[in-house]
Amino acid sequence: MSTSSELCFQPATVIARLLRDRDLSVVELVDAFLSRIDERNAHSKAYISVTKDAARRAAAEADTRLGRGEAGSIFLGIPFGSKDLIDIKGVLTTGGSAVLHDNVATEDAAVIDRMNAIGAVSLGKTNLHEFAYGTTGENAVYGTAVNAYDGTRLACGSSSGSAAAVAHGLAAFALGTDTGGSVRVPAVMNGLVGLKPTFGRLSLKGVIPFCWSLDHLGLITRTIDDCAALFEACAAADAGKAPPAGTERSGPGDSADRSLAGLRVGIPDRFYFERTDPEILAAAENAVRLLEQSGATVSKVSLPDARHARTASLTIQMPEALSFHSRYLEDRGHLYSEDLRAGLALGQYILAEHYIRAKRLVNQYRAGMRDVFADVDVILTPATPIPAPKIGTVKVAMDGVEEAVGNALTRFTTFFNMTGHPAVTFATEMHSLGLPIGVQLIGRYFEERVILKVAAVLAERAGPIPLPDLR
Amino acid sequence: MAAHPWSDDEIAELVAPTMGIITGLPDLLAQLDELRRIDFGMTPPASDVPTDG
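Residue numbers (numbering that gives the first Met the number 0), protein chains in the order written: chain A, 0 to 470; chain B, 0 to 52.
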């Protein structure tokens, strides 16, 4: 590795080998990341707080464990960031808001317990759209995390800082949450991998909720291999909802086998290919061809009509968010940003009947998806209809239809928060604007390994996208 | 329980959003009215008790 800067862009699985071979110490590795954070955080706005002393202590401990030759997780000594909704004992959890400027966590979240168990090294808490409210990641208090490929564009969110941290070389991986696409959208927009596992698969204990019916803990990594390894490390039996016996399948063939023979891939016949940037459509079509070349059988499928998905999602999100934030509104209401206050007001004007209808629509979606997954193993859609927007974009227009930018960004992802199926996004190509674009793969409940295997094959065939030019 | 008070500016943003995060209330209510027309079949049982211990 010629420079510490190059080191900070290596996949976690590659860094792990350097640590195991003692070509690099964890202290050196963590210092490289902390130096880069010093240089780049003011521009990227990736971190809200950086816990240098704790990181150096954890690094020294990891070096001791590696020096003893412990056969622990490959994430022993790997530096990561956590969305600032996730509690780390003794560290501020702000939720990206002035409302919780004094909220020091007294316990670790369940996922942090898991990170401690595998020996990963926390570098700090990452930026986000206030309390995970929006997908743009714009934050009036802590600044807006910027896209690694174009600093005038959004990193996107709500896990904006988590994606920015990995994409700007300020963490090897990051933890986020996903209520409508908040891990998957920023990940793909920054050339990374975003996994939203099955609803409940990774515990949200110790994570500030936005909407408990739709919130998922998610992972943002540099590569599919990193994502698969991290998912396995996180998905210990005590870290969330265990899959029912016999339901957890791996992908076709063994993990080294890059053939997808026997795999049935469904391509939705509408909605997911409408009002979409032509280059993103072409990238999705290329991905379909690559899957066929890998031996998969591709067919059209009819998914439940998702026209009302965003409406149903908002109708569930905003009353639940208001229900949580009601406790702060009287005394600290003036500390919320104006966009979230308007959203919470929306929550007050949604009727109980609306909420119940939305929940019943979700049940209909789930029943419809059960039928779809009887015929196919995996579904492929574009990850987003648009590439990363410019900071400050309010609305976008596609095929003559105008749409709030937040609605557009999550148009293809939000449905799968309601059904709870595992989904992964990753970049497969570059847009002519110089921005990453990619696809989303959705699988049956608890079949994260299947979608990650398919993603690995597809990513290998598509080839790597260039790293961002961050000189 | 008293509803939370909102300023005129907040109500204006709610009705005609300028920040691009979500749908404005009039559009959302129109879309919710469409949901009313969807037949969700039978009303589910009002409640149940756990039977698996």
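Glycine included, every Cβ here is placed at the ideal spot set by N, Cα and C.
Does any C-beta atom of chain B lie closer than 8 angstroms to the C-beta of E337/A? Yes, its Cβ sits closer than 8 angstroms to a Cβ of chain B.
With 16 other CB atoms within 10 Å as the buried threshold, where does D8/B fall? When all chains shown are included, D8/B counts as exposed.
Suppose you measure from the CA of H353/A to the CA of P318/A; what does that come to, to the nearest Å? Their backbone Cα atoms lie some 10 angstroms apart in a straight line.
Kindly indicate if chain A contains any beta-carbon less than 8 angstroms away from that of T50/B. T50/B does not count as touching chain A.
Measuring only between beta-carbons, confirm whether R36/B sits less than 8 angstroms from chain A. It does not: the Cβ of R36/B has no partner Cβ on chain A nearer than 8 angstroms.
On the premise that P388/A lies in contact with L127/A, defined as a C-beta separation below 8 angstroms, what is that separation, rounded to the nearest angstrom? Wrong, their Cβ atoms sit about 17 angstroms apart, outside the cutoff.
Cβ neighbours of I111/A in the same chain (closer than 6 angstroms, five flanking residues each side left out): Listed in chain order, the non-local C-beta contacts of I111/A below 6 angstroms within the same chain comprise I87, local neighbours out to five positions each way being set aside.
Pair every Cβ in the segment 279 to 298 of chain A with every Cβ in the segment 447 to 457 of chain A, then say whether three or more of these pairs are closer than 8 angstroms. In this structure the segment 279 to 298 of chain A lies against the segment 447 to 457 of chain A, because at least three pairs of beta carbons, one per stretch, are closer than 8 angstroms.
Within the same chain, show all residues whose beta-carbon is closer than 6 angstroms to that of L17/A, passing over the 5 residues directly before and after it, in chain order. If you ignore the 5 residues before and after L17/A, its C-beta comes within less than 6 angstroms of the C-beta of L23, all in its own chain and listed in chain order.
Residues of chain A with a CB under 9 angstroms from the CB of A2/B: which are they? Going along chain A in sequence order, the residues near A2/B (Cβ under 9 angstroms) are Q347.
Could you give the C-beta distance for V404/A and G19/B, rounded to a whole number, given that I count them as a contact under 8 angstroms? Cβ atoms of V404/A and G19/B come within 8 angstroms of each other, at about 4 angstroms.
Is the number of C-beta pairs between the segment 413 to 420 of chain A and the segment 365 to 378 of chain A that are closer than 8 angstroms three or more? The segment 413 to 420 of chain A vs the segment 365 to 378 of chain A: in contact.
Sequence ranges, beta strand (DSSP E) only - wholly within the segment 357 to 392 of chain A, length at least 3: Complete beta strand (DSSP E) runs here, min 3: 377 to 381.
Status (buried if at least 16 other CB within 10 Å, exposed otherwise) for L298/A: One point to set straight first is that residue 298/A is Ser, not Leu, in the sequence displayed. Per the 10 Å Cβ criterion, exposed.
Measuring CB atoms only, is the segment 52 to 65 of chain A touching the segment 99 to 114 of chain A, in the sense that at least three cross pairs come out at less than 8 angstroms? Too few Cβ pairs lie closer than 8 angstroms, so no.
Secondary structure at T42/B, three-state DSSP: helix, strand or coil? Coil.
Taking only the alpha-carbon atoms, compute the straight-line gap between I21/B and V182/A and give it to the nearest angstrom. In this structure, the straight-line span from the alpha carbon of I21/B to that of V182/A is close to 18 angstroms.
Within 8 angstroms, do at least three Cβ pairs link the segment 192 to 207 of chain A to the segment 256 to 264 of chain A? With a cut-off of 8 angstroms on Cβ pairs, the segment 256 to 264 of chain A is not in contact with the segment 192 to 207 of chain A, counting fewer than three such pairs.
So which residues on chain A does P25/B lean against when the C-beta distance must stay under 7 angstroms? Simply none; closest approach about 11 angstroms.
Same chain, Cβ closer than 7 angstroms to G123/A, five either side skipped, listed in chain order: Closer than 7 angstroms at Cβ, skipping near neighbours: Y46, S48, V49, T50, G80.
Nearest to A171/A by alpha carbon, out of D101/A, I385/A, V375/A, L75/A? Relative to the Cα of A171/A, the nearest Cα in the group D101/A, I385/A, V375/A, L75/A belongs to L75/A.
Does the Cβ of V438/A have 16 or more other Cβ atoms within 10 Å, making it buried, or fewer, making it exposed? V438/A is buried by the Cβ-count criterion.
Expected contact under 8 angstroms - CB spacing of L451/A and C226/A to nearest Å: Yes, they are in contact, since the Cβ atoms of L451/A and C226/A sit about 6 angstroms apart, within 8 angstroms.
When the distance is taken between beta carbons, is A53/A closer than 8 angstroms to S121/A? Here S121/A is near A53/A, since their CB atoms are less than 8 angstroms apart.
Range covered by the alpha helix (DSSP H) that runs through T314/A: Run containing T314/A: 308 to 331, per the alpha helix (DSSP H) assignment.
With 8 angstroms set as the bound, which would you pick, yes or no: does the beta-carbon of P16/B sit closer than that to a beta-carbon of chain A? By this cut-off, P16/B is an interface position.
Using DSSP bridges, identify the partner residues of A305/A. Bridge partners of A305/A: none, in fact.
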